[in-house]
Amino acid sequence: MTTPRIEFDLKPSAHLLPDAEREAVLAAPGFGRHFTDHMVTIRWTEGRGWHDARLQPYAPFQMDPANMTLHYAQTIFEGLKAYRQPDGSVAVFRPEANAERFRRSARRMAMPELPVETFVEACDLLVQQDEAWVPSEGEQSLYLRPFMFAAEVGLGVRPANEYLFTVIASPAGAYFPRGVKPVSVWLSKEYVRAAPGGTGEAKTGGNYAASLVAQAEAAEHGCDQVVWLDAAERRWIEEMGGMNLYFVRGRGEDATIVTPELTGTLLPGITRDSLLTIATDLGYRTEEARISVEDWREGNADGSISEVFACGTAAVITPVGTVKSADGEWTVGDGEPGEITMRLRDALLAVQTGRAEDKHGWMHRL
Ligand code: PLP
Ligand code: COI
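Note that the working numbering numbers the sequence shown so that position 159 is 822, with each residue one more than the last.
Next comes the structure, spelled out in structure tokens:
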């Protein structure tokens, strides 16, 4: 059965932020602090499916105190970026991949699945409408945040019978204010992010709520970020709070780029997936494998692990410089951004910003 196409009702705002104010924001966007003039919403109601698709002025929601999301957190989100291209046009990086992951997250959280083409169209409509908000400097972008939450009012614990899908957009500069300076990480043994059978693979708010206390613990130890270990043995490296991890074994042409395999408890990052391809294109061997804390510490000591970096939509590629844990600390390589890390970073950004050929059809042009 084919789903009928969802028609959008377009209600652009008569009151846009004045050009000068928008330009001031674009000059130093930061991350997730400013939002564009519009948003897209689509409602889902049991028995009726998706309806009332709208492009409308960005505005607060009115929420009933008994809204089910506020109590039981049935909510999912995505993060993807639109980039200004050299000819002035705009292209979104792999929106179909985010749409597919959004469907998988929805399934895990017992929520309705939005068709991929509707997800992509909703993002397109918002970017087209607020195109003036897409920055054009360097690696800046327009970060798109699609999300969905339960909209039913009531306190019964069960899947809601009504949901609201929304897309908002925010101009983005560097996620880490210090740019590509290596970050320090804390290996969390006390807290876990996700256990087998849990929600680690889904992009759902609760995973992030659960991470905050460990993030605070990392900060207490002078670290920027937490690295999560597996729940059962507290031994295997999984990922960071909002990024996947990569390890470079060996050096130069002979290097192998290794990332923790997808075990069901970590988020299958789209940047992670893209880098497996880009690294292969650049001639490196790639591997998805389990990496333990001992492997990391020993590989660091004997020099066989030469570089480590984190990757994600918001953070792009960020080198890891220092590692701290309850059992000791070490510096990765010489503590500076690694050569391969920076090469991969540049290759990824070159595709996204249209400076390199889009060999894999990743850029979705508007
Ligand atoms: N891991 C977590 C927990 C994340 O929140 C993110 C960000 O989306 C990632 C990894 C990286 O995923 P992606 O590359 O799709 O942004
Ligand atoms: C992203 O990279 O899109 C993320 O979701 C990371 C973080 C902002 C939650």
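C-beta atoms are modelled at their ideal positions from N, C-alpha and C, and glycine is treated no differently.
Note to self: By the three-class DSSP mapping on this structure, what secondary structure does Glu761 have?
What the structure shows: Here residue 761 refers to the residue found at position 98 of the sequence shown. Looking at the sequence provided, one finds Asn at residue 761 rather than Glu. Asn761: helix per DSSP, three-state reduction.
Margin query: Between which two residues does the beta strand (DSSP E) holding His701 run?
Written below: The residue you call residue 701 lines up with position 38 of the sequence shown. Element bounds for His701: His701 to Thr708.
Check: In its own chain, which residues sit with a C-beta less than 7 Å from the C-beta of Arg1028, not counting the 5 before and 5 after it?
Finding: For this step, residue 1028 is matched to residue 365 along the sequence shown. Closer than 7 Å at Cβ, skipping near neighbours: Ser752 and Ala754.
Note to self: Any heavy atom of the ligand COI inside 7 Å of the beta-carbon of Gly742?
What the structure shows: For this step, residue 742 is matched to residue 79 along the sequence shown. Within the cutoff, so yes.
Check: To the nearest angstrom, how far is it from the Cα of Val889 to the Cα of Ala873?
Finding: For this step, residue 889 is matched to residue 226 along the sequence shown. For this step, residue 873 is matched to residue 210 along the sequence shown. Distance between the alpha carbons of Val889 and Ala873 is about 12 Å.
Margin query: Just to confirm before moving on: does the CB-CB distance between Phe812 and Tyr826 stay below 8 Å?
Written below: What you label residue 812 is simply residue 149 of the sequence shown in a count that begins at 1. What you label residue 826 is simply residue 163 of the sequence shown in a count that begins at 1. Their beta carbons are under 8 Å apart, which means Phe812 touches Tyr826 by this criterion.
Margin query: According to DSSP, is Thr1016 part of a helix, a strand, or is it coil?
Written below: For this step, residue 1016 is matched to residue 353 along the sequence shown. DSSP places Thr1016 in coil when its eight states are reduced to three.
Notebook entry, point to check: With 16 as the cutoff for other CB atoms within 10 Å, does Leu718 come out buried or exposed?
Noted result: Locating residue 718 in the sequence shown gives position 55, counting from the first residue. Buried, since its Cβ has 16 or more Cβ neighbours within 10 Å.
Margin query: What does DSSP give as the partner residue(s) for Ser874 in the beta ladder?
Written below: For this step, residue 874 is matched to residue 211 along the sequence shown. Ser874 pairs with nothing; no bridge assigned.
Item checked: Assumed close pair Gly801, Ala977 - CB separation to whole angstroms, cut-off 8 Å -> As a working note, residue 801 is residue 138 in the sequence shown. As a working note, residue 977 is residue 314 in the sequence shown. The pair is not a contact, with the Cβ atoms about 16 Å apart (cut-off 8 Å).
Item checked: Extent of the continuous alpha helix (DSSP H) to which Trp959 belongs -> Counted from its first residue, the sequence shown places residue 959 at position 296. That run of the alpha helix (DSSP H) goes Val956 to Ala964.
Check: Which whole-angstrom value describes the C-beta separation of Ile954 and Pro923, a residue pair presumed to lie in contact below a C-beta threshold of 8 Å?
Finding: Within the sequence shown, numbered from 1, the residue matching residue 954 stands at position 291. Within the sequence shown, numbered from 1, the residue matching residue 923 stands at position 260. Confirmed, about 6 Å.
Margin query: Rounded to whole angstroms, what is the Cα-Cα separation between Phe910 and Glu776?
Written below: Position 247 of the sequence shown holds residue 910. Position 113 of the sequence shown holds residue 776. In a straight line, the C-alpha of Phe910 is about 34 Å away from that of Glu776.
Check: Quick one, which of Ser804, Glu780, Pro778 and Val779 has its alpha-carbon nearest Val790's?
Finding: The sequence position of residue 790 within the sequence shown is 127, counting from 1. When only C-alpha atoms are compared, the closest one is Ser804.
Next item on the list: State the Cα-Cα distance for the pair Asn963 and Ala942, rounded to the nearest angstrom.
Entry: As a first step, residue 963 must be located in the sequence shown, where it is residue number 300. As a first step, residue 942 must be located in the sequence shown, where it is residue number 279. Using only the alpha carbons, I get a separation of about 21 Å.
Next item on the list: Have a look at the DSSP bridge pairing and note the partners of Gly991.
Entry: If you number the sequence shown from 1, residue 991 lands on position 328. Looking at the DSSP assignment, Gly991 forms a beta bridge with Ser988.
Checklist line | Identified DSSP bridge partners for Asn730 | finding: In the sequence shown, counting from the first residue as 1, residue 730 sits at position 67. BP columns for Asn730 point to Val816.
Notebook entry, point to check: Is there at least one non-hydrogen atom of the ligand COI closer than 7 Å to the beta-carbon of Ala872?
Noted result: Your numbering for residue 872 matches position 209 in the sequence shown. Outside the cutoff, so no.
Check: Leaving out five residues before and five after Ile933 in sequence, what residues of the same chain have Cβ atoms less than 6 Å from its Cβ?
Finding: The residue you call residue 933 lines up with position 270 of the sequence shown. The answer, listed in chain order, is Arg757 and Ala760.
Next item on the list: Report whether the distance from the Cβ of Pro786 to the nearest heavy atom of the ligand PLP is below 7 Å.
Entry: Your numbering for residue 786 matches position 123 in the sequence shown. The identity of residue 786 in the sequence shown is Cys, whereas the question assumes Pro. It does not: the Cβ of Cys786 is nowhere closer than 7 Å to a heavy atom of the ligand PLP.
Next item on the list: Quick one: grab the DSSP three-state call for Ile1003.
Entry: Working through the sequence shown from its first residue, we reach residue 1003 at position 340. Of the three classes helix, strand and coil, the one that applies to Ile1003 here is helix, per DSSP.
Notebook entry, point to check: Is Gly801 near the ligand COI, judged by its Cβ being under 7 Å from some heavy atom?
Noted result: Here residue 801 corresponds to residue number 138 of the sequence shown, with the count starting at 1. Outside the cutoff, so no.
Next item on the list: Check whether the Cβ of Glu902 lies closer than 7 Å to any heavy atom of the ligand PLP, and answer yes or no.
Entry: To locate residue 902, count along the sequence shown from 1; it is residue 239. Result yes, Cβ under 7 Å from the ligand PLP.
Notebook entry, point to check: Grouping DSSP H, G and I as helix and E and B as strand, with all else coil, what is Ser676?
Noted result: In the sequence shown, the residue the question calls residue 676 occupies position 13. Of the three classes helix, strand and coil, the one that applies to Ser676 here is coil, per DSSP.
Next item on the list: Figure out for me which residue from Pro931, Gly915 and Ala989 has the closest Cα to the Cα of Cys886.
Entry: Mapped onto the sequence shown, residue 886 falls at position 223. Comparing Cα positions, the closest option is Ala989.
Notebook entry, point to check: Expressed to the nearest angstrom, what Euclidean distance is found between the alpha-carbon atoms of Pro675 and Thr781?
Noted result: Here residue 675 refers to the residue found at position 12 of the sequence shown. Here residue 781 refers to the residue found at position 118 of the sequence shown. Their backbone Cα atoms lie some 19 Å apart in a straight line.
Note to self: Considering only heavy atoms of the ligand PLP, does any lie closer than 7 Å to the CB of Met906?
What the structure shows: Counting from one through the sequence shown, the residue named residue 906 turns up at place 243. Met906 Cβ: within cutoff of the ligand PLP.
Note to self: Can you list, in chain order, the residues of its chain with a C-beta nearer than 8 Å to that of Thr940? Leave out the 5 residues immediately preceding and following it.
What the structure shows: Position 277 of the sequence shown, counting from 1, holds the residue named residue 940. Closer than 8 Å at the Cβ level, and outside the excluded window around Thr940, lie His1023.
Margin query: Check this for me: beta carbons of Thr919 and Glu950, under 8 Å apart or not?
Written below: In the sequence shown, residue 919 corresponds to position 256, counting from 1. In the sequence shown, residue 950 corresponds to position 287, counting from 1. Against a cut-off of 8 Å, the Cβ pair of Glu950 and Thr919 comes out as a contact.
Check: Quick one: is Gln737 near chain D, going by C-beta distance under 8 Å?
Finding: Of the protein chains in the structure, only one exists, and it is not chain D.
Next item on the list: Just mark Pro834 as buried or exposed, buried being the case when its beta carbon has 16 or more other beta carbons within 10 Å.
Entry: Walking along the sequence shown from the start, residue 834 turns up at place 171. By the neighbour-count rule (16 or more Cβ atoms within 10 Å), Pro834 is buried.
Notebook entry, point to check: Do you know whose CA, among Asp917, Leu930, Gly1001 and Ala814, lies nearest Tyr871's CA?
Noted result: Here residue 871 corresponds to residue number 208 of the sequence shown, with the count starting at 1. Cα-wise, what sits closest to Tyr871 is Leu930.
Notebook entry, point to check: Taking all protein chains shown into account, do 16 or more other C-beta atoms lie within 10 angstroms of the C-beta of Phe724, making it buried, or fewer, making it exposed?
Noted result: Position 61 of the sequence shown, counted from the first residue, corresponds to residue 724. Phe724 comes out exposed.
Item checked: Short Cβ contact (8 Å threshold) for Ala837 with Leu807 -> Locating residue 837 in the sequence shown gives position 174, where the first residue counts as 1. Locating residue 807 in the sequence shown gives position 144, where the first residue counts as 1. No. Outside cutoff.
Notebook entry, point to check: Which residues in the same chain have their Cβ closer than 6 Å to the Cβ of Arg1008, if we skip the five residues on either side of it in sequence?
Noted result: The sequence position of residue 1008 within the sequence shown is 345, counting from 1. Closer than 6 Å at Cβ, skipping near neighbours: Ile980.
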